[in-house]
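Going from the sequence shown to my numbering is simple: count from 1 and add 412.
Following: one structure in C-alpha cells, then a few remarks.
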Amino acid sequence: MRMQGKILNWHDDKGFGFVDPLTGGQRAFVHIKSFISRARRPVNGDVIHYELVQESHHRYKAECIQFADDVQTAKPQRYLSNNHHAQKTHSKRTLEALLTGLFCAFILIFSLIGSLPLILAGAFIVMSTVTFVAYGIDKSAAESGRWRTKESTLHVFAFLCGWPGAFVAQRLLRHKSSKHEFQSFYKVTVALNVAGIVFLFTETGRTFLNQIVLPWLANA
Numbered sequence: 413m414r415m416q417g418k419i420l421n422w423h424d425d426k427g428f429g430f431v432d433p434l435t436g437g438q439r440a441f442v443h444i445k446s447f448i449s450r451a452r453r454p455v456n457g458d459v460i461h462y463e464l465v466q467e468s469h470h471r472y473k474a475e476c477i478q479f480a481d482d483v484q485t486a487k488p489q490r491y492l493s494n495n496h497h498a499q500k501t502h503s504k505r506t507l508e509a510l511l512t513g514l515f516c517a518f519i520l521i522f523s524l525i526g527s528l529p530l531i532l533a534g535a536f537i538v539m540s541t542v543t544f545v546a547y548g549i550d551k552s553a554a555e556s557g558r559w560r561t562k563e564s565t566l567h568v569f570a571f572l573c574g575w576p577g578a579f580v581a582q583r584l585l586r587h588k589s590s591k592h593e594f595q596s597f598y599k600v601t602v603a604l605n606v607a608g609i610v611f612l613f614t615e616t617g618r619t620f621l622n623q624i625v626l627p628w629l630a631n632a
C-alpha cells in the first residue's frame, strides 16, 4: 500500500525514526536504508511517500521511501528505475534460491549413492535447522528489545553446514538480508562450504575423508 506521511522522532545518529500517515492510520518504523535515494538525510517534519509493510507482532515498517518533493519532480524516471531495480532483485533472489536448492539436492543424492558420507547430509539438515531457529530467535529478540544473538555466532552456524538454513531464514523471516557487511561474511561461509564439497571429490580430499575424518568420527 503506497502512502504519504510525515517523519517524526527521527534519530539521525542512529538512522531511524517513525512516520505518521497524513490521512491517519498505522505509525510505521522508518530506517535510512529504506530510502530509495540517500542524496540527503531526512529530518523531522519531512513528508515522504512509502510502502507500508506489516511485520510480525502487528508491527509496521516503511519501505521504498521517497521524499515528497522528489516524487513531484522526478516521478516518471524514478518509477522506471524502481521497477527495473525490483525486477533485478527478484531475478537475483530467484537464482540464489535455485542454486541453494540444487546444492542441497546434490548433497542428498551423492550421500545416498555413497559418493559422499551420509553423515554429511545429516550435518547439513541438522545445522540448517539449528541456524534457522537461531535466526528466528534473534529476530524475535530484535523486535522485543531482548538480548541479541551475536552475528559471529550466526556465521559460525552457517559455516558449519548451516548456510542453507540461513538462506531460508533470511528470505522467510526477512532478517539480516539487507545488511551489506553481514551478507558479505555470509557469502564467504557459502563459498567455503562449496569449496569444501569440491575438495572432497578430489583424490586428496577422498584420502583426507577416508583416512582422517571418518575414522575420527567413528571413534568419537
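Heads up, the beta-carbon is just placed ideally off N, CA and C, and yes, glycines get one too.
Everything numeric in this text was worked out from a predicted model, so none of it was measured.
Residue range of the beta strand (DSSP E) that includes residue i
| i | result |
| --- | --- |
| W422 | R414 to H423 |
Neighbourhood of residue i by C-beta distance below 8 Å, restricted to the same chain and skipping five residues each side
| i | result |
| --- | --- |
| M539 | F569, L572, C573, G574 and G577 |
| L530 | S523 and L524 |
| R453 | D424 and I444 |
| C516 | F536 and P576 |
| A533 | I519, L520, S523 and L524 |
Residue i burial status per 10 Å Cβ neighbour count (16 or more: buried)
| i | result |
| --- | --- |
| W633 | This structure does not reach residue 633, given that the chain is present from 413 up to 632, and the question cannot be answered. |
| K473 | buried |
| T565 | exposed |
| D458 | buried |
| Q595 | exposed |
| N456 | exposed |
| Q623 | exposed |
| K504 | exposed |
| Q499 | exposed |
| V602 | buried |
Limits of the unbroken alpha helix (DSSP H) element including residue i
| i | result |
| --- | --- |
| G429 | Run containing G429: none in the alpha helix (DSSP H); it sits in the beta strand (DSSP E), F428 to P433. |
| Q595 | H592 to L612 |
| G577 | W575 to L584 |
| V568 | E563 to F569 |
| L621 | Unbroken run through L621: none, as it is neither H nor E. |
| K551 | L530 to S556 |
Three-state secondary structure assigned by DSSP to residue i
| i | result |
| --- | --- |
| A440 | strand |
| K473 | strand |
| I460 | strand |
| V455 | coil |
Cβ neighbours of residue i in the same chain (closer than 6 Å, five flanking residues each side left out)
| i | result |
| --- | --- |
| F620 | none |
| Q416 | L434 and H461 |
| Q438 | Y472 |
| Q582 | K588 and S589 |
Contact test: residue i Cβ vs the ligand FMN heavy atom, cutoff 7 Å
| i | result |
| --- | --- |
| D482 | Of ligands this structure carries none, so the ligand FMN is not represented either. |
Residues sharing a beta bridge with residue i, DSSP
| i | result |
| --- | --- |
| V465 | K473 |
| F447 | I477 |
Neighbourhood of residue i by C-beta, 7 Å cutoff - its chain only, sequence neighbours within 5 removed
| i | result |
| --- | --- |
| L629 | I531 |
| S405 | As shown, the chain starts at 413 and ends at 632. That puts residue 405 outside it, with no answer to give. |
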